[in-house]
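Notes to accompany the following structure.
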Amino acid sequence: MLEKINVEQLDFNVFRAIGKQWMLVTAGKPGDCNTMTASWGGLGVLWGAPAATAYIRPQRYTKEFLDREAYFTLSFLPEQYRQALAYCGSHSGRDGDKWAATGLTTAAADCGAAYVEQAELVLVCRKQFCQRMDPACILDREADARWYPDHDYHDIYIGEITEAYLRR
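Take any residue in the sequence shown, count from 1 to its spot, add 16: that is its number in my numbering.
If you want it as structure tokens, here you go:
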């Protein structure tokens, strides 16, 4: 069972958790939500509060939910769910039910936002900022060419972390 904690109690390697283990970015309410796998993101402090950053390409179905909702969640799953994470990163919710295909289920945070029930850690984020990456601001031209050959620049979402849940 997930236990609600103060986010300042967390002690984990964010680089490994996001970049290697991946996370699911979910927006919507249970029964009307979508999730996607992400391996880019960040955690830190913005405007005096704990914050999370997620990068979402414009063609991703989850973006429609992120734009519509006030909250999004980041769910970190144990290694046994690697195939589910891979599926959620390679299939669109427009084309089928990711929840049924993976066996993952949702639960609701106190604010009503959906998160992945099988997670070891969930961060609930209230949207505070969203902006499309401006290619003129990408100073590393090689990174621009490598990551954006189709010019489908990410939208940057920053949310204040308002709730955190940890499996104990």
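Beta carbons: idealized from backbone N, C-alpha and C, even for Gly.
Query: Bridge partners - T121, DSSP secondary structure assignment; Result: BP columns for T121 are empty, so no partner.
Query: K114 (DSSP reduced to helix, strand or coil); Result: helix
Query: Cβ neighbours of W63 in the same chain (closer than 8 Å, five flanking residues each side left out); Result: Q144, E176
Query: D48 (DSSP reduced to helix, strand or coil); Result: strand
Query: For Q37 and F92, believed in contact at Cβ under 8 Å, the rounded distance; Result: 7 Å
Query: Whole-angstrom C-beta distance between V41 and L90, which should lie under 8 Å; Result: 6 Å
Query: Reference C49, options D168, G60, A86, V61, closest by Cα; Result: A86
Query: Boundaries of the beta strand (DSSP E) in which I174 is found, first to last residue; Result: 171-183
Query: Inter-stretch contact at 8 Å, needing at least 3 Cβ pairs: the region 45-59 / the region 104-120; Result: yes
Query: CA nearest to the CA of I21, picked from R76, V61, A125, D156; Result: A125
Query: Length of the line joining the Cα atoms of L139 and D166; Result: 31 Å
Query: Distance between E19 and Y131 (C-alpha atoms, nearest Å); Result: 13 Å
Query: Helix, strand or coil at E158 [DSSP, three-state]; Result: helix
Query: Residue environment, P66, which counts as buried when at least 16 other CB atoms sit within 10 Å; Result: buried
Query: Span of the alpha helix (DSSP H), counted from its first residue to its last, around Q99; Result: 98-106
Query: Close Cβ partners of R142 (< 7 Å) along its chain, the five nearest in sequence each way excluded; Result: A86, Y87, G175, E176, T178
Query: Minimum C-alpha distance to I72 - residue among K45, Q147, T122; Result: Q147
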